[in-house]
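What follows is a short report on a single structure.
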Amino acid sequence: MPDRPGPRPRPDGASGGLVAEGPRTVIRPFRLDDAAEFTALARESGRLHRPWLFPPQTAAAYTVYARRLIEDPAKAGFLVCERADGRIAGFININNIVEGAFLSGALGYGAFAHAAGRGLMSEGLGLVVRHAFGPLGLHRLEANIQPRNASSIALVRRLGFRLEGFSPDFLFIDGAWRDHERWAITAEMEISA
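71 is the number that the numbering used here gives to position 63 of the sequence shown; each next residue is one higher, with no gaps.
Here's what the structure looks like:
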């Protein structure tokens with residue numbers, strides 16, 4: 009890999025289509041016209057998401073959220089969709105992308121209730137990690153997870169992320185500064201899923 013890689017391609021290339029596909033899922037970029045489906049699923053999944061994350065539940069909030077993921081070069085947003093019917097199963101975002109010598113990004117993700125526990129996010133996250141280390145040219149991905157979020161920890165552990173540390177009062181979530189564990193994977197590590 010060159011010392012200073014060239015410009016990072018957008019997650020969807022020029023076509024706006026699929027980024028990657030697996031046996032049961034496809035990964036594609038966010039689109040503004042996903043608002044109705046995404047927000048309905050977010051509202052249906054409130055019990056699953058709380059107190060860990062708060063995805064947009066209105067069309068207006070979704071538009072702001074999706075535009076940031078679509079337009080900000082320091083972000084790459086992906087929807088995990090079921091291959092059989094195209095239904096959105098979850099979302100995975102790479103935030104705070106830093107190029108140059110660091111080549112790193114921070115993961116944020118969530119499954120929707122109908123997809124939870126079915127292995128779709130494991131497959132989807134594996135596809136995103138491979139895309140990040142391939143076409144996006146990143147070297148490291150980090151996931152910061154609240155210690156009591158057992159499902160999220162199990163997901164990254166299944167994919168071969170390693171626990172690197174503990175960050176007290178790391179992120180402001182649900183009205184308070186929350187402690188987080190730092191999990192990471194690098195391009196040299198083998199992806200398990």
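Quick reminder that beta carbons are idealized off the backbone N, C-alpha and C, glycines included. The model shown is predicted, which means the values in this text are computed figures rather than measured ones.
Counting along the chain, Val-72 sits inside the alpha helix (DSSP H) bounded by residues 67-79.
In this structure, Gly-30 sits near Leu-135, with a CB-CB distance shorter than 7 Å. Annotation for Ala-50: the continuous alpha helix (DSSP H) segment containing it runs 43-52.
Bridge partners of Leu-61 according to DSSP: none are assigned. Unbroken beta strand (DSSP E) stretches of 3 residues or longer found wholly inside the region 85-113: 96-106, given in chain order. Put simply, the region 137-148 does not touch the region 38-56. Fewer than three CB pairs are less than 8 Å apart. When DSSP reads this structure, Ile-153 sits in a beta bridge with Glu-189. The beta carbons of Ala-97 and Val-88 sit closer together than 7 Å. Arg-36 is bridged by DSSP to Leu-87.
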